[in-house]
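Under my numbering, the residues of the sequence shown are numbered 58 to 145, in order.
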Amino acid sequence: GFGVLLIMQPIPALIAIAVWFIAGKVLKISSLSSLIGLAALLIASYLIYPEMPEIYTHAPIWIIAFVIFYKHIPNIMRLIKKEEAQVI
Numbered sequence: 058g059f060g061v062l063l064i065m066q067p068i069p070a071l072i073a074i075a076v077w078f079i080a081g082k083v084l085k086i087s088s089l090s091s092l093i094g095l096a097a098l099l100i101a102s103y104l105i106y107p108e109m110p111e112i113y114t115h116a117p118i119w120i121i122a123f124v125i126f127y128k129h130i131p132n133i134m135r136l137i138k139k140e141e142a143q144v145i
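Laid out in structure tokens, this is it:
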């Protein structure tokens, strides 16, 4: 997942890592930080690469984003219920 993303879009991926790290330090909730990093990835992807080089579509990024979001559904439910654990 992330290795492919790092090869496809290194700058947006590094931006997403930085946003995830900062959000994690500030919010202390890993799952929420991951979702914020995912949003940063999607935004950075479109800002830096309005048209994807060579494949001319953002579909792979959206597929990866969907998989990440899908895997976080239980975490999102815990966030809504305010039951998600914080990382120290």
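Note that the Cβ used here is the ideal one computed from N, Cα and C, for glycine as well.
Whether residue i touches residue j by CB criterion (8 Å)
i: I86; j: E141; result: yes
Member of the options whose CA lies at the smallest distance from the CA of residue i
i: A73; options: L84, V61, V83 and A96; result: A96
i: V76; options: I133, I112 and I93; result: I93
i: I125; options: E111, S90 and V144; result: S90
i: R135; options: S88, I121, E108 and G60; result: S88
i: I105; options: I133, I121, A70 and F123; result: A70
i: V61; options: P107, I120, V83 and Y113; result: I120
Whole-number beta carbon distance between residue j and residue i, since they are thought to touch under 8 Å
i: H115; j: Y127; result: Not confirmed; about 18 Å, so no contact.
For the structure I just gave you, are there three or more beta carbon pairs, one from the region 60-67 and one from the region 97-109, closer than 8 Å?
Yes, the region 60-67 touches the region 97-109.
Segments of 3+ residues assigned as beta strand (DSSP E) that fall wholly inside the region 73-141
Entirely contained in the region 73-141, not one beta strand (DSSP E) run reaches 3 residues.
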